[in-house]
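Take the sequence shown: its letters are residues 1 to 429, numbered as in the UniProt record's numbering.
Here a beta-carbon is modelled for each residue, glycine too, at the ideal position from N, C-alpha and C.
Nothing here was measured: the structure is a model prediction, and the numbers come from that model.
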Amino acid sequence: MGELVHPEEPLSILLAPPDTQAASMSEHVELYNDSGRVPSKIDPPVGALYHDEDHCQGSGPKLCVAFVGMGSQHPAMGRQLAERYPPFLASIRENDRILTEVYGQPSLLDRTGLFIPGTECSLNTSGTWSLHDVILSFAYVQISLWDLIRNLGFKANFAIGTSVGEIAMGYAAGHYDRSTTIGIAAAFATTMSEVEGNGATIFVAVSPRQARLIIDDVLLQAGVTSGLWISSFHSPHAVAIAGTHPLINALFAFLSNSKTFSDTFAVQLPQLGCAFHTPLMEPIEAPFKAALENLDLDRKSDGGTREVRVMSTIDGTWLNRPLDSDYFWDNVLRPTKFGDIVQKLVHDEGENIIILEIAAHPAMKTCVEQCGARYVGLIRRPASNSLVDGSNECIQILEAVQHLHDAGFRSELPLGVFEQALRLLRAGK
Numbered sequence: 001m002g003e004l005v006h007p008e009e010p011l012s013i014l015l016a017p018p019d020t021q022a023a024s025m026s027e028h029v030e031l032y033n034d035s036g037r038v039p040s041k042i043d044p045p046v047g048a049l050y051h052d053e054d055h056c057q058g059s060g061p062k063l064c065v066a067f068v069g070m071g072s073q074h075p076a077m078g079r080q081l082a083e084r085y086p087p088f089l090a091s092i093r094e095n096d097r098i099l100t101e102v103y104g105q106p107s108l109l110d111r112t113g114l115f116i117p118g119t120e121c122s123l124n125t126s127g128t129w130s131l132h133d134v135i136l137s138f139a140y141v142q143i144s145l146w147d148l149i150r151n152l153g154f155k156a157n158f159a160i161g162t163s164v165g166e167i168a169m170g171y172a173a174g175h176y177d178r179s180t181t182i183g184i185a186a187a188f189a190t191t192m193s194e195v196e197g198n199g200a201t202i203f204v205a206v207s208p209r210q211a212r213l214i215i216d217d218v219l220l221q222a223g224v225t226s227g228l229w230i231s232s233f234h235s236p237h238a239v240a241i242a243g244t245h246p247l248i249n250a251l252f253a254f255l256s257n258s259k260t261f262s263d264t265f266a267v268q269l270p271q272l273g274c275a276f277h278t279p280l281m282e283p284i285e286a287p288f289k290a291a292l293e294n295l296d297l298d299r300k301s302d303g304g305t306r307e308v309r310v311m312s313t314i315d316g317t318w319l320n321r322p323l324d325s326d327y328f329w330d331n332v333l334r335p336t337k338f339g340d341i342v343q344k345l346v347h348d349e350g351e352n353i354i355i356l357e358i359a360a361h362p363a364m365k366t367c368v369e370q371c372g373a374r375y376v377g378l379i380r381r382p383a384s385n386s387l388v389d390g391s392n393e394c395i396q397i398l399e400a401v402q403h404l405h406d407a408g409f410r411s412e413l414p415l416g417v418f419e420q421a422l423r424l425l426r427a428g429k
């Protein structure tokens, strides 16, 4: 392959308008293929993004992939990648094949129209879908985004997951294979549908201590002793609170009328569909565990990275037990400790830790930064309030690759293979 002329050029050229791109072409990079020298249509900093030295060892940067739970789903997620990047679509289709052929469930793709180019999605634009569709679609997109990252030659040192994101986390860390991952997602989707609508969840920008005081006041005013719980510890300054619908409504009223908290940011998360990570999930324990007992949870993944260490958002420490039916039941019932473990990673690994969020939209950026870690996101949902849809998932992946490069990470792929993978993404512009 030819040597790149400007190996440290940023991706700003890639993202420039077409007229400014043209002015830059003659002065920038030319790629080679087996047939000879071919000017590139988009100027890739391939030499800057590729290096055969391992930058993820020793005192260099450490990558933690974070598989975040439900809430960021939307009908357009993954569609542009599926249209422009064949490996992503192949991964999505393989997920669906396993769901239908191995587990005997109806095709998610055929039922909903998600992901497939040229197919109209039947789900509403708000992302407030049935729990069944949310959980399966989240597993699909997270598995396939991880496959894309691995396809580009990047590896992770650590993996974490929150809520149903721990399903794909186990796949990424090599604890089980793709077929088992889809089976776990199907078990979650089927059994959690039985408690759909059992409560609600809100995000509140307060500390855990403040959240406990608020909960105590609301319960006291309502004359009850339970019904509201902190379901997720997102950061030192943000939590999720879940509970029954009447008490969630009372919580909103309390915040609005409180002199102390009237200006506090709080938003209900209807996309979650239930009071996840609370005792209100207890009625499904038996069917949930039974569904998981039918799976081989120890069938190792060929696509996983065995050296990836997992930190559990359920236990709040390094994972030291199997991802079995007991663990996943704790995932359903107990609060998640995302903020705690990100802070622990920062404490253990220092400033070199980078959190790469694997989700349909960057939901945890602010929380990660509040915990002291650097953040990189992948794809984003289209802006609903914009007259022009400027979203492009292929550009967003290229931006993420550039951010990883800037942090010191390099692809492990042979240069020619890495160039070809980037060409596919650039074709999506």
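Please name the residue or residues paired with I230 in a DSSP beta bridge.
I230 pairs with I241.
For D217 and Q210, I'd like the C-alpha separation in whole angstroms.
So the two alpha carbons sit approximately 11 Å from each other.
Could you check if F67 belongs to the surroundings of the ligand NAP, using beta carbon to heavy atom distance under 8 Å?
In the structure shown, the ligand NAP is absent, as is every other ligand, since no ligand is present at all.
Element boundaries [beta strand (DSSP E), containing A168]
For A168, there is no enclosing beta strand (DSSP E); the enclosing alpha helix (DSSP H) has its first and last residue at 165 to 172.
Find out if the Cβ-Cβ distance for the pair L81, L148 is shorter than 9 Å.
A contact, by the Cβ cut-off of 9 Å.
Quick check: the Cα distance between N257 and L220, rounded to an integer number of angstroms?
Going by the C-alpha atoms only, they are around 16 Å apart.
Which residue marks the beginning of the alpha helix (DSSP H) containing G416, and which one marks its end?
From DSSP, the alpha helix (DSSP H) with G416 extends over 415 to 427.
Secondary structure at Q105, three-state DSSP: helix, strand or coil?
Here DSSP, grouped into helix, strand and coil, assigns Q105 to coil.
Identified DSSP bridge partners for V218:
In the DSSP assignment, no residue is bridged to V218.
Going by beta carbon distance, what residues of the same chain come within less than 7 Å of I284, once the five residues before and after it are set aside?
Around I284, the same chain offers T191, M192, E194, V195 as residues with beta carbons nearer than 7 Å, after the five sequence neighbours per side are excluded.
Excluding the 5 residues flanking D330 on each side, which residues of the same chain have their C-beta closer than 6 Å to its C-beta?
Answer for D330: I314, listed in chain order.
Tell me the rounded alpha-carbon separation between G127 and P362.
G127 and P362 have their alpha carbons spaced roughly 15 Å apart.
Helix, strand or coil for C64 per DSSP?
C64 falls in the strand class under three-state DSSP.
In this structure, how does DSSP classify A211 when only helix, strand and coil are distinguished?
A211 falls in the helix class under three-state DSSP.
Beta-carbon of N151 versus every beta-carbon of chain B: anything under 9 Å?
Among the chains in the structure shown there is no chain B, since it carries only a single protein chain.
Do F203 and A238 count as a contact pair if the criterion is CB distance below 9 Å?
Contact flag set, yes.
Below 6 Å CB to CB, which residues in the same chain sit around I379 once its five sequence neighbours on both sides are set aside?
If we look at I379 and ignore the five residues flanking it on each side, its Cβ neighbours are E393, Q396.
Taking V376 as the reference, give the member of P382, A383, M364 with the closest Cα.
Nearest option by C-alpha distance: M364.
Neighbourhood of T119 by C-beta, 6 Å cutoff - its chain only, sequence neighbours within 5 removed
For T119, same chain residues with a beta-carbon under 6 Å away, outside a window of 5 residues either side, are G113 in chain order.
Given that a residue counts as buried once 16 or more other Cβ atoms are within 10 Å of its Cβ, and exposed if not, what is R410?
Counting Cβ neighbours within 10 Å, R410 comes out buried, since at least 16 surround it.
Check M311 in the structure and name its three-state DSSP category.
Three-state DSSP puts M311 in a strand.
Going by DSSP, which residues form a beta bridge with L269?
The beta-bridge partner set that DSSP reports for L269 is empty.
Let me make sure I understand the geometry here. Which of G153, L152, A173 has the alpha-carbon closest to that of A159?
Closest by alpha carbon: A173.
Quick check on residue 432: does DSSP put it in helix, strand or coil?
This structure leaves residue 432 out entirely; the chain is present only between 1 and 429.
Inter-residue Cα distance where the pair is A186 and D296
Rounded to the nearest angstrom, the two C-alpha atoms are 14 Å apart.
I think T181 touches A168, with their Cβ atoms under 8 Å apart; what is that distance to the nearest whole Å?
Correct: roughly 6 Å between the Cβ atoms.
Closest by CA to A66, which one among Y103, A359, L333, H245?
It is A359 whose Cα lies nearest to the Cα of A66.
Skipping 5 residues on each side, what residues in its chain have a beta carbon closer than 6 Å to that of V310?
Cβ within range, chain order: A159, A173, L319.
Pick from S72, T260, P86, N124 that is closest to Q420, judged by C-alpha positions
Of S72, T260, P86, N124, the smallest CA-CA separation from Q420 is found for P86.
Assuming contact is defined by CB atoms lying nearer than 9 Å, are V308 and N157 in contact in what I supplied?
Against a cut-off of 9 Å, the Cβ pair of N157 and V308 comes out as a contact.
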